[in-house]
Structures are given as C-alpha cells and as structure tokens.
Amino acid sequence: MIDLRLLREDPDRVRASQRVRGEDVDIVDALLSADERRRSSGSRFDELRNEQKSLGKLVPKAQGEEKVALLQRTKDLAAAVKAADAEQNEAKEEADRLLRSLANLIDPAAPVGGEEDFVTLEEIGTPRDFAAEGFEPRDHVELGQILGAIDTERGAKVAGARSYYLTGVGALLELALVNMAMAQATAAGFTAMITPALVRPAAMDGTGFLGQAAENVYYLPEEERYLVGTSEVPLAAYHMDEILDAGQLPLRYAGFSSCFRREAGTYGKDTRGIIRVHQFEKVEMFVFTSPEEAEAEHRRLLQWEKDFLNALELPYRVIDVASGDLGSSAARKFDIEAWIPTQGKYREVTSTSNTTEYQSRRLSIRMREEGKVRPLATLNGTLVAVPRTIVAILENHQQADGSVVVPEALRPFLGGRSVIEPVAK
RNA sequence: GGAGAGUUGGCCGAGUGGUAAGGCAGCGGCUUGCUAAGCCGUGGUCGGGGUCACACCCGCGCGCGUUCGAUCCGCGCACUCUCCGCCA
C-alpha cells in the first residue's frame, strides 16, 4: 500500500498514477474522506476513553451515594465509549480496505500505455537464420518428443490440460538449470532458499496477489491456504512484521519453489507445449533494501537476469513494461523476452519489478536506521523460470538432426554433456 | 487425528478484576581503571495513532463477550512445546 501521508498531501499524484494504470480514480477521494472520518472518530474515541479511564480510577475509592452517582456516570460513559469505538473501527476498516485496494504509484519513468506500449531497451544476440542453415526448425513440443524430454500427452492424461512431465534428459535439464541459477545467485551473495508453496492469506494478500491477480491463484478453502504462483510470496513474507536493521541491508534471497497458476482467462492462448502451464519450478531473486537504493538494485537484478541468459547463449530483448500492464505492486517492471524461432517472436522468460515500499507497508516490514523506523523497499526478479527457459534452449540450440547443443556454461551441471541426442525409437 | 501445557517489553521472568514485580541488556552519571568491573539514577528505553509541538489514546498472541473497569473471568481462533496415534 502507499503512504497515506503522501495521499493527503498530493492526491493528484495518486490520481494520475491510477489513471495511467487504467484503474479506478474515484477511489482516491473515497479514501480521503474515509481517512478524515477515521481521524475524527478516532479523536472522539480518545477523549471519551480518557474520561472513562480517569473516572474509573475513582470508583474503588468512592463511598456511599458518591459511589452510586459515579457508577451511573461511568455506566453511561461506557455506552458512549462502545459506540465511539464501533464507529472508529468501522471507519478504520473502510479506510484500510480502500488503502489496500489502491495500486502502487507508478514510477514516472515507466512508459505510459497498455500491453503494446512497452519500450524496447535493448536487443541482445541475433536469432539464427534457419533458412540459411538449410532446415526448418522444430518446435519445442516436437523436440521434446524426439529427445524424450517432455511428455505433454501423458501430462494431460494424468493432470489435465496445461500439464506435462519432464522425462529423462528433460528432468535433468531442469535440475541443471536450477543448480546453475543457484550457483550464480550464491556467487553474487544471495542466500539460497527453498520456500513454502502453500501460504496463509496474510502472506498472499501482503504481497499484493489477491487484487487484480486473484483469479489466477489457487485456494484451498478447507485449509485457508493459497498455492503460490511465485516464491516472491513466501520470500516477501519471510520478514513479515519485522524491523530490519539498516546495517544488514540489502538482504538478497534466491528462492526455489514450485509455482502454481490457474491461468484463468487464457483459454486458447499457448495451448501447445509448456509455455503456459499450471505448475512449474522457478528460481526467484528477492531483495529487501532501502528506498534510496531500490532503483539501482532494480538495474542490478536486471543485469543478473541478463547474465544468466547470456550464459545460456540465448537471443533476447529487454522491455520496459508500460503502466497499464504492471502488476498492482510494481512501480516499474522490466521483462526479458527470449527469441522463440518457431513463433518468430520474443516471449517473456523473466521479469523484474521494483515494488518500492508497497509490499513492505502491507506486510509491515520496516528498517531501523539511526533509531528511526521507516518502510523499506522490496524488489523481485526471475532468475530462471524452468519450462520457458527449456523451450528457448531447445528451439534456439537445435540442429538439423533434431539434437540440441548444450550451452557451454550449462554443461558442468548436466554431467558434462555437450549435446542432447534424439532417443532411439 | 487425540490429550495436555503455554504465549507478558530487546531478552529472561513474576503477577493481580481497579494505571504491569524483579533481573539482564540499554541510556545518563560517578568510581576504579581495561581479555573490564562496581555504584547511583533513568525507566515501555519499543511499536502504532494523533498533534505545528505537547497533551492524549491503543498495544500483556488475535478476536468477541461479561463488567463502571479485563493482562487477569468466559467463548472462539492462531502459534509454540510435550505425549499418544498415523505417516514421506
């Protein structure tokens, strides 16, 4: 959530942010009046409660008629206090509900517009010219079959649409990618983490995923638990309700977990293969740092993502995502899209967001610096989302005979293997 | 799944239906002097709300109830621990 003080002082800035996101602007005024009501009802309660407490202290000392009169007064007061408390709570709840429904303030540097209005920051590497090489590239589904690496048919049989098995070398490929990602992250100073995939509502809501993204979240009503769509959730909530010492920042975590997504509203999109699936594994970077450092840290996260894709020798581009396409928590977001030869376009493989103080306020995570306590910034970035990275590797590094060359940096994690050969039929 | 115990300030730990002992640590001072120790004082020294700043209000895990008044009594919930059962 955003700073209520900022909202009072500069509501136009908040309105402008909501507008470029394409979200409700009226909520700003509703919140301002709810906040006003909360403050006035709060001080009314304070006064009554103060009187009640001072009178209450007199009760045990009072005697006879004096005591009877006093008890009558305090009894009346008790009813007034109760009413004032109820009003205060109602106003608080309303203000809090509205505040939590407000998206993060957009970074003024982010491009304005919808999904198509991103700005391409750079293109790295050159897509291969398969025509010049004299063969038609196979898509990852076909390659997955030839190599015995991916089984989507049995995935559907057992688990339904958008499900898959990674088999043989495919399974090993996942483990290799995860290990390579963790090796890079720990070398950069991240703490490796294996996180819960099942979290309580406070964690899910605190991270901002129960707003516009709620329809993509799996919920287990009997347990009141959510399945996370990214380890960003358990990593952000790791320090929930804590005050971190400024001296220990930045705290950098690399979390590995399964990720679950309902993919509601994506019927017909990417139905083939493993581009869009209900369950996958991912290594996610997550950082707690000071608000002043957040922007520079965001660039560092982007660089670590690039380092990883560079090591995999994949052609990609970096885009600056437009205001209307940001998640509610993000002030700014950079996506990296890898080139997918058989689709003839770039597809998202990683994403890094600067969520500024939005999540830390919701999760009540603060930093203490020179005795002062204030919110801190959180950032997240994908190091490797396994299925899409496998798609990119298979398609970009395939050869005419259906084999796939293993990028050199990945070989040590794949038992030294340099080529993945088709399995004999 | 069953039974029981617990949750108090940065940490430990008492406690009572009427403004939360004590200790450690902290902070201020003093003494002796240095792999530090002792004495005195301070004291919710923390977090939230509120104010120009004070005042003031809220916080004894959370919520609801009883009461003029709840940390204390009742109900519900969360979490931790112990034992039993089951189990990768």
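The opening residue of the first sequence carries number 1048 in our numbering; numbering runs sequentially from there. Ideal Cβ positions, reconstructed from N, Cα and C, are used throughout, including at glycine. These numbers come from a predicted model, not from an experiment.
Enclosing beta strand (DSSP E) for residue i [first to last residue]
{"i": "Pro1422", "result": "1419–1422"}
{"i": "Leu1194", "result": "Segment: none, Leu1194 is in no beta strand (DSSP E) and carries neither H nor E."}
{"i": "Val1334", "result": "1326–1336"}
{"i": "Asp1059", "result": "Not the beta strand (DSSP E): Asp1059 falls in the alpha helix (DSSP H), residues 1058–1068."}
{"i": "Ala1301", "result": "1298–1307"}
{"i": "Ile1290", "result": "1290–1292"}
Outcome for residue i when other beta-carbon atoms lying within 10 angstroms are tallied against a minimum of 16
{"i": "Phe1182", "result": "exposed"}
{"i": "Arg1085", "result": "buried"}
{"i": "Ala1250", "result": "buried"}
{"i": "Asn1097", "result": "exposed"}
{"i": "Ala1130", "result": "exposed"}
{"i": "Arg1185", "result": "buried"}
{"i": "Gln1110", "result": "exposed"}
{"i": "Glu1442", "result": "buried"}
{"i": "Glu1056", "result": "exposed"}
{"i": "Thr1313", "result": "exposed"}
{"i": "Gly1103", "result": "exposed"}
Residue range of the alpha helix (DSSP H) that includes residue i
{"i": "Asn1357", "result": "1341–1358"}
{"i": "Leu1441", "result": "1433–1443"}
{"i": "Asn1097", "result": "1074–1105"}
{"i": "Gly1217", "result": "1216–1234"}
{"i": "Glu1416", "result": "From DSSP, Glu1416 is part of no alpha helix (DSSP H) but of the beta strand (DSSP E) over 1413–1416."}
{"i": "Tyr1405", "result": "1405–1410"}
{"i": "Gly1111", "result": "1111–1148"}
{"i": "Ala1179", "result": "1177–1180"}
Whole-angstrom distance between residue j and residue i, CA atom to CA atom
{"i": "Met1048", "j": "Leu1245", "result": "23 Å"}
{"i": "Asp1082", "j": "Arg1060", "result": "17 Å"}
{"i": "Glu1417", "j": "Ile1290", "result": "13 Å"}
{"i": "Leu1053", "j": "Ile1440", "result": "46 Å"}
{"i": "Glu1140", "j": "Arg1409", "result": "14 Å"}
{"i": "Arg1066", "j": "Pro1281", "result": "31 Å"}
{"i": "Gly1391", "j": "Pro1422", "result": "44 Å"}
{"i": "Glu1344", "j": "Phe1333", "result": "10 Å"}
{"i": "Glu1094", "j": "Glu1113", "result": "23 Å"}
{"i": "Ser1064", "j": "Leu1190", "result": "45 Å"}
{"i": "Val1466", "j": "Val1453", "result": "5 Å"}
{"i": "Val1216", "j": "Gln1446", "result": "17 Å"}
{"i": "Ala1369", "j": "Ile1153", "result": "10 Å"}
{"i": "Arg1394", "j": "Gly1294", "result": "39 Å"}
{"i": "Glu1262", "j": "Arg1309", "result": "7 Å"}
{"i": "Glu1024", "j": "Val1188", "result": "Only positions 1048 to 1472 of the chain appear in this structure, which leaves residue 1024 out of reach."}
{"i": "Ile1437", "j": "Ser1398", "result": "16 Å"}
{"i": "Leu1356", "j": "Asp1132", "result": "56 Å"}
{"i": "Ala1432", "j": "Gly1302", "result": "12 Å"}
{"i": "Pro1268", "j": "Ala1206", "result": "21 Å"}
{"i": "Pro1158", "j": "Gly1236", "result": "32 Å"}
Beta-bridge pairing of residue i - partner residues as DSSP gives them
{"i": "Lys1392", "result": "Ile1387"}
{"i": "Ala1284", "result": "According to DSSP, which records beta bridges pairwise, Ala1284 is partnered with nothing at all."}
{"i": "Val1166", "result": "Asp1367"}
{"i": "Phe1381", "result": "Asp1367, Thr1399"}
{"i": "Gly1428", "result": "Met1332, Thr1399"}
{"i": "Leu1152", "result": "Note: Leu1152 sits in no beta bridge, so no partner."}
{"i": "Val1470", "result": "Answer by DSSP bridge pairing: none, since Val1470 is not bridged."}
{"i": "Ile1171", "result": "Tyr1363"}
{"i": "Val1452", "result": "Val1466"}
{"i": "Tyr1314", "result": "The partner list for Tyr1314 (beta bridge, DSSP) is empty, contrary to what the question assumes."}
{"i": "Tyr1212", "result": "Asp1198"}
_What ranges does the alpha helix (DSSP H) occupy inside the stretch 1237–1277, keeping only unbroken runs of at least 4 residues that lie completely in it?_
You should have 1248–1253.
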